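**Q** Under the UniProt record's numbering, read the sequence shown as residues 1 to 146, first letter to last. Glycine included, every Cβ here is placed at the ideal spot set by N, Cα and C. Bear in mind that the values here come from a model prediction, so they are computed numbers and not experimental data.
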Amino acid sequence: EARAPRTPPQLVRHTMEAVAYMIGFKTTDWDDIRKVIRKDDFIHSVLDFDAQKLSPRAIADIKQKYLNDPSIDVAKVQNASKACGPLFQWCRSQILYSSIVHKIQPLRAEVARLTEESEGLRQEKAAADDKVRALAEDIEVYKAEY
Numbered sequence: 001e002a003r004a005p006r007t008p009p010q011l012v013r014h015t016m017e018a019v020a021y022m023i024g025f026k027t028t029d030w031d032d033i034r035k036v037i038r039k040d041d042f043i044h045s046v047l048d049f050d051a052q053k054l055s056p057r058a059i060a061d062i063k064q065k066y067l068n069d070p071s072i073d074v075a076k077v078q079n080a081s082k083a084c085g086p087l088f089q090w091c092r093s094q095i096l097y098s099s100i101v102h103k104i105q106p107l108r109a110e111v112a113r114l115t116e117e118s119e120g121l122r123q124e125k126a127a128a129d130d131k132v133r134a135l136a137e138d139i140e141v142y143k144a145e146y
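So this is what it looks like as structure tokens:
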């Protein structure tokens, strides 16, 4: 449905521009967007999309150009095109998820650092426990000799 029109409703065009941008095609020319969505791998590129690969700059651009307009919502896009409503919702969801991933990235790095540090401390503790055991055995030997 979204592939067919030569001059689509503005909400359809708006949504498809956002989808094309997200999957790597930064064009606003409708003929170019039609070529993108007519490709055999278009649906796969949407389904296999990895939101973690979106840069903070791309997230900001997509939010500013396509998602921050309060006059556009899923219901209006759905009314303009049954196929574009879910795609608009997908864009919003992917951008939200990607934003969250970028915000928690420092926390993930901290968890990884602490996990590595914890492993090092566990190894040090094991070495210290071995040394304490060896010293305790030495003490028992010395007690037996006296």
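So, is K60 buried or exposed, given that buried needs 16 or more other C-beta atoms within 10 angstroms?
**A** Lys is not the amino acid found at residue 60; the sequence shown has Ala there. Exposed, by the Cβ-count rule.
**Q** Please say whether I95 and A51 have beta carbons closer to each other than 9 angstroms?
**A** yes
**Q** Determine whether the beta carbon atoms of M16 and L107 lie at a separation below 9 angstroms.
**A** no
**Q** Spatial neighbours of S45 within its chain, please: C-beta separation below 7 angstroms, excluding the five flanking residues on both sides.
**A** I23
**Q** Please list the terminal residues of the continuous alpha helix (DSSP H) segment that includes I62.
**A** Looking at the DSSP string, the run of the alpha helix (DSSP H) that includes I62 is 56–62.
**Q** Assign Y146 to one of three DSSP states: helix, strand, or coil.
**A** In this structure, Y146 counts as coil in the three-state DSSP scheme.
**Q** Determine the direct distance from the alpha carbon of A109 to that of T28, and round the result to whole angstroms.
**A** 37 angstroms
**Q** What does the Cβ neighbour count give for L114, buried or exposed, with the cut at 16 atoms within 10 Å?
**A** Burial call: exposed.
**Q** Just to confirm, are A58 and Y21 a CB contact at a threshold of 9 angstroms?
**A** yes
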